[in-house]
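Student: Residue numbers (the working numbering), protein chains in the order written: chain A, 1 to 335; chain B, 336 to 730.
From the three backbone atoms N, C-alpha and C, an ideal C-beta is built for every residue, glycine too.
Small disclaimer: the values here were computed from a predicted structure and weren't measured.
Input: one structure, supplied below.
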Ligand SMILES: Nc1ncnc2c1ncn2[C@@H]1O[C@H](COP(=O)(O)OP(=O)(O)OP(=O)(O)O)[C@@H](O)[C@H]1O
Ligand SMILES: [Mg+2]
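Next up, the structure:
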């Protein structure tokens, strides 16, 4: 396989808070290839945004390395790094906070174009702004250019955010919950547009969401990484992960996804977890972090060793569940 | 040209008329008479009062406003509703310049609109303008009485002091001089010195506060330590001590000294603001786009602090004015007449604080200072609306 565009190797990241070290990410290993969609799913606070920021170069790992096309990011020279930075863009979750309220849309889009001399004169600057706004389906652009962000709807702003990321022709866009704050009715439009842009420019997209249904829809041709408490618990091609989930946590998430058909949803059996409390990052359980909640808990194994990611005979995707890897099946835990 | 003495002059009037013709001609060309006439008037006033320093910027602004009216319905390919393939973005230098001017004019109009929309803010603005006009244009109509007027002694009177009369609406002071003339001539230095002192303090606070927040580490701890140190010293008593050691015959030096002692409070506020603003998503996006530190300070962070800084500037001006009047009242800066502060000082010096006949000479400066301060406070209510595009009306 060719060298991935970006690779995280043994990434560990912690934050200091009130003199306590909080391990937010542990042993993160993942690769993003050119023109690929990688979806990161997990519940709130599991470290999705932190991972996204490390990918986008806005945050550095505490230890471990970030490789860009096989070369460690820290070894690039200053000029190379600033060029590199432009190749990785981020689209934030909150469309109300991601655009500066003091500038018009024209200004917002023209700053990067001018700064990096991506246009030669004023006419081509204006033409480029039009092209970008057309690309993100904000038409007619003439209606948008002179507006301030507060005069646009959430969906429109999110499109402007995407257009702004496109100004520097990135190779990868991190979309951090990019549609979770816009109306459901326009979500699909934005997701379709992202798909088209990826096809057109051959970029990769790291799509972060807490909604497995959205991940399934968006990343069907790509891969999914499921995170739990700062670790990746399962990663593989989307049809494999969704169609035949291996890790109990993924199974629980999938069992909770409502279907469009209410009858199916009603008949669906939610998976009974042993506990609904998500442990705090300051007190991550020993062994597999999921074991206090896992219905397939095996005493002595799960609460002892940290499971490693590996595929099995039935599951081509990698997952971190020792009993399943060893036994090939899971037995309900009887109290 | 002395920054601290801006008085209407005939040369200024001539200059004002000359620059005022420009927007007028422009308005004739575009048939925007109303804007043109108002603009010409503003130019004449500005030129009259401040010469070229006031006249030229006012001319540009007035022309911009005229152009903004004329360009309102003009077809700009950039804002057209046609398809990309049908639009030509080529434009001449002249067109680009005109559009820039129209944009400036629209912003000025939006700012003025915002100013007028807030009632109390507008009252404050009018109050400030009143004092500005009186001090700048008053000297044209009222002659300054600097010498004692012993000839005004009433037979049998104990002093030269007198209450209001039709000839001297604010009465006579202890030397028989017209109080009104002192009021007209005596505000200028005080107002300009306070404005300058506030400006210096604000600039120091903004520069140091941003540096502390953005550079962090040693710079931050150094600046914060100095600020905390200055904050622990009561600044007015220190000002007193310094003023009694060094004689400030220069308003500029006095303004600087005030700034040196009064930047810390605002600096801490600015630092906190920058710290919170730099965490915004749009700043992170700017970092990802590699727009550079300078861009982030000047275009992403600063525009969102302008109204905050402006309001704080006004409050600093208020404090500066009180401090300066206080220093004058205590006789710690060289007393140069005419000056509102000196008038109060003289009242104390001459022991007439309790004399009803001295009401004119004592109350006039006190009321003027209080009204000016009140106007400043009211004016701050408008500032937020003037600078915030969300609150400013879209024209
Ligand atoms: N700069 C920081 N300083 C301290 N703690 C941080 C910082 N950034 C993130 N954290 C902590 O790291 C943990 C993971 O945060 P992160 O934002 O990556 O989660 P997330 O999966 O994106 O959650 P959400 O779905 O709520 O966005 C949280 O507990 C958060 O409090
Ligand atoms: Mg997040």
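(1) Only counting the same chain, and skipping five residues up and downstream in sequence, which positions put a Cβ closer than 8 Å to that of residue 52 of chain A?
(2) Is there at least one Cβ from chain B nearer than 7 Å to residue 61 of chain A's Cβ?
(3) Is residue 49 of chain A near ligand 4, going by C-beta to nearest heavy atom under 6 Å?
(4) Does DSSP put residue 23 of chain A in a helix, in a strand, or in coil?
(5) Since residue 704 of chain B contacts residue 660 of chain B with CB under 8 Å, what's their CB separation in whole angstroms?
(6) Near residue 340 of chain B, which residues of its chain fall below 6 Å by C-beta distance, leaving aside the five closest residues on each side in sequence?
(7) So residue 144 of chain A and residue 138 of chain A are in contact, right, with Cβ under 8 Å, and what is the actual spacing, rounded?
(8) Where residue 343 of chain A and residue 42 of chain A are concerned, what is the direct C-alpha to C-alpha distance, given to the nearest angstrom?
(9) Could you tell me whether any Cβ in chain A is nearer than 7 Å to the Cβ of residue 452 of chain B?
(10) Contact defined as beta carbons within less than 8 Å: I believe residue 536 of chain B pairs with residue 592 of chain B. What is the distance between those atoms, to the nearest angstrom?
(11) Could you check where the alpha helix (DSSP H) with residue 436 of chain B kicks off and where it finishes?
(12) So, are the CB atoms of residue 718 of chain B and residue 646 of chain B less than 7 Å apart?
(13) Straight-line CA distance for residue 361 of chain B to residue 552 of chain B?
(14) Chain A beta carbons: is any one of them nearer than 7 Å to that of residue 404 of chain B?
(15) Should residue 142 of chain A and residue 414 of chain B be called a contact, given that it needs their Cβ atoms to be closer than 7 Å?
(16) Under 8 Å between beta-carbons, which chain E residues line up against residue 131 of chain A? List them in chain order, please.
(17) Can you tell me the Cβ-Cβ gap for residue 275 of chain A and residue 286 of chain A, rounded? I've got them flagged as a contact below 8 Å.
(18) Comparing alpha-carbon positions, which option in B:354, B:684 and B:678 lies nearest residue 702 of chain B?
(19) Counting only C-beta atoms, is residue 730 of chain B closer than 7 Å to chain A at any point?
(20) Report yes if the CB atom of residue 95 of chain A is closer than 7 Å to the CB atom of residue 158 of chain A, and no otherwise.
(21) Quick one: measure Cβ to Cβ for residue 450 of chain B and residue 466 of chain B, integer angstroms, because I've assumed they're closer than 8 Å.
(22) At what residues does the beta strand (DSSP E) containing residue 634 of chain B begin and finish?
(23) May I ask whether a heavy atom of ligand 1 can be found less than 6 Å away from the beta carbon of residue 670 of chain B?
(24) Closer than 9 Å, Cβ to Cβ, to anything on chain A: give me those residues from the segment 603-632 of chain B, in chain order.
(25) Assign residue 504 of chain B to one of two classes, buried (16 or more other C-beta atoms within 10 Å of its C-beta) or exposed (fewer than that).
(26) Can you tell me where the alpha helix (DSSP H) with residue 147 of chain A in it begins and where it stops?
(27) Keeping to the same chain, check which residues put their C-beta closer than 7 Å to that of residue 455 of chain B; ignore five residues upstream and five downstream.
(28) If you check the beta carbons only, do residue 358 of chain B and residue 401 of chain B fall under 7 Å apart?
(29) Does the Cβ of residue 210 of chain A lie closer than 6 Å to at least one heavy atom of ligand 1?
(30) List the endpoints of the continuous beta strand (DSSP E) containing residue 12 of chain A.
(31) Taking all protein chains shown into account, do 16 or more other C-beta atoms lie within 10 angstroms of the C-beta of residue 573 of chain B, making it buried, or fewer, making it exposed?
(32) For the segment 92-103 of chain A, which residues have a beta carbon sitting closer than 7 Å to at least one beta carbon of chain B?
(33) Taking Cβ to Cβ, would you say residue 682 of chain B is nearer than 7 Å to residue 665 of chain B?
(34) Give the straight-line distance between the Cα atoms of residue 2 of chain A and residue 63 of chain A, rounded to the nearest whole angstrom.
(35) In whole angstroms, give me the CA-to-CA distance for residue 154 of chain A and residue 182 of chain A.
(36) Could you say which of B:453, B:366, B:437 and B:422 lies nearest to residue 342 of chain A if we only look at CA atoms?
Tutor: Straight from the coordinates:
(1) The residue labelled residue 52 of chain A in the question sits at position 52 within the first chain. Result list for residue 52 of chain A: 40, 90, 174, 176, 206 and 208, in chain order.
(2) Taking the first residue of the first chain as position 1, residue 61 of chain A is located at position 61. By this cut-off, residue 61 of chain A is not an interface position.
(3) By its list of ligands, the structure shown excludes ligand 4, since it contains just ligand 1 and ligand 2.
(4) Reading the first chain from its first residue, position 23 is the one you call residue 23 of chain A. Of the three classes helix, strand and coil, the one that applies to residue 23 of chain A here is strand, per DSSP.
(5) As a working mapping, residue 704 of chain B is identified with position 369 in the second chain. As a working mapping, residue 660 of chain B is identified with position 325 in the second chain. About 6 Å separates the two Cβ atoms, so the contact holds.
(6) Here residue 340 of chain B refers to the residue found at position 5 of the second chain. Note that residue 340 of chain B scores 44 on pLDDT, short of 50, meaning its location in the model is unreliable; the coordinates nonetheless yield the value given after this. Result list for residue 340 of chain B: empty, nothing under 6 Å.
(7) Counting from 1 along the first chain, the entry for residue 144 of chain A is found at position 144. Counting from 1 along the first chain, the entry for residue 138 of chain A is found at position 138. Between residue 138 of chain A and residue 144 of chain A the Cβ distance is about 5 Å, and since that is below 8 Å, they are a contact.
(8) Here chain A has residues from 1 to 335 only, and residue 343 of chain A is not among them.
(9) For the purposes of this step, residue 452 of chain B is taken as residue 117 along the second chain, with counting starting at 1. For residue 452 of chain B, the answer is no, since every Cβ of chain A falls outside 7 Å of its Cβ.
(10) By one-based count along the second chain, residue 536 of chain B stands at place 201. By one-based count along the second chain, residue 592 of chain B stands at place 257. Wrong, their Cβ atoms sit about 10 Å apart, outside the cutoff.
(11) The residue labelled residue 436 of chain B in the question sits at position 101 within the second chain. Element bounds for residue 436 of chain B: 428-452.
(12) Along the second chain, one-based indexing puts residue 718 of chain B at 383. Along the second chain, one-based indexing puts residue 646 of chain B at 311. Yes, the pair counts as a contact, with Cβ atoms nearer than the cut-off.
(13) Your numbering for residue 361 of chain B matches position 26 in the second chain. Your numbering for residue 552 of chain B matches position 217 in the second chain. Cα to Cα, residue 361 of chain B sits roughly 54 Å from residue 552 of chain B.
(14) Mapped onto the second chain, residue 404 of chain B falls at position 69. Not one chain A Cβ lies under 7 Å of residue 404 of chain B.
(15) On the first chain, position 142 is the one that residue 142 of chain A refers to. On the second chain, position 79 is the one that residue 414 of chain B refers to. Yes, these two residues count as a Cβ contact at 7 Å.
(16) Structure shown: chain E not included; protein chains present are A and B.
(17) Position 275 of the first chain, counting from 1, holds the residue named residue 275 of chain A. Position 286 of the first chain, counting from 1, holds the residue named residue 286 of chain A. Rounded, the Cβ-Cβ distance is 15 Å, inconsistent with contact.
(18) Position 367 of the second chain, counted from the start, is the residue given in the question as residue 702 of chain B. Of the listed residues, the one whose Cα sits closest to residue 702 of chain B is B:678.
(19) Within the second chain, the letter at position 395 stands for residue 730 of chain B. With a pLDDT of only 47 at residue 730 of chain B, under the threshold of 50, the placement of this residue in the model should not be trusted, and no figure is reported.
(20) The sequence position of residue 95 of chain A within the first chain is 95, counting from 1. The sequence position of residue 158 of chain A within the first chain is 158, counting from 1. Going by C-beta atoms, residue 95 of chain A is nearer than 7 Å to residue 158 of chain A.
(21) Translated into the one-based positions of the second chain, residue 450 of chain B becomes position 115. Translated into the one-based positions of the second chain, residue 466 of chain B becomes position 131. So it is not a contact: roughly 17 Å between Cβ atoms.
(22) Locating residue 634 of chain B in the second chain gives position 299, where the first residue counts as 1. Residue 634 of chain B -> no beta strand (DSSP E), and no H or E assigned at all.
(23) Residue 670 of chain B sits at position 335 when you count from the first residue of the second chain. Outside the cutoff, so no.
(24) 615, 616, 617, 618, 619, 620, 621, 622, 623, 624, 625, 626, 627 and 630
(25) In the second chain, the residue the question calls residue 504 of chain B occupies position 169. Its Cβ having fewer than 16 others within 10 Å, residue 504 of chain B is exposed.
(26) Along the first chain, read from residue 1 onward, the residue named residue 147 of chain A stands at position 147. No alpha helix (DSSP H) holds residue 147 of chain A; DSSP gives it neither H nor E.
(27) Taking the second chain and counting its residues from 1, the one referred to as residue 455 of chain B is at position 120. Contacts found: 713 and 716.
(28) Numbered from its first residue, the second chain carries residue 358 of chain B at position 23. Numbered from its first residue, the second chain carries residue 401 of chain B at position 66. Closer than 7 Å, so yes.
(29) In the first chain, residue 210 of chain A corresponds to position 210, counting from 1. Yes, the Cβ of residue 210 of chain A comes within 6 Å of a heavy atom of ligand 1.
(30) Walking along the first chain from the start, residue 12 of chain A turns up at place 12. Segment 6-17, the beta strand (DSSP E) holding residue 12 of chain A.
(31) Indexing the second chain from 1 puts residue 573 of chain B at position 238. Exposed: under 16 other Cβ atoms inside 10 Å.
(32) 92, 94, 97, 98, 99, 100, 101 and 102
(33) On the second chain, position 347 is the one that residue 682 of chain B refers to. On the second chain, position 330 is the one that residue 665 of chain B refers to. It is not a contact, given that the beta carbons lie outside the stated cut-off.
(34) Along the first chain, read from residue 1 onward, the residue named residue 2 of chain A stands at position 2. Along the first chain, read from residue 1 onward, the residue named residue 63 of chain A stands at position 63. When rounded, the distance between both Cα atoms is 25 Å.
(35) Residue mapping note: residue 154 of chain A aligns to position 154 of the first chain, counting from 1. Residue mapping note: residue 182 of chain A aligns to position 182 of the first chain, counting from 1. C-alpha separation (whole angstroms): 6 Å.
(36) A query on residue 342 of chain A cannot be resolved here, the shown segment of chain A reaching from 1 to 335 and no further.
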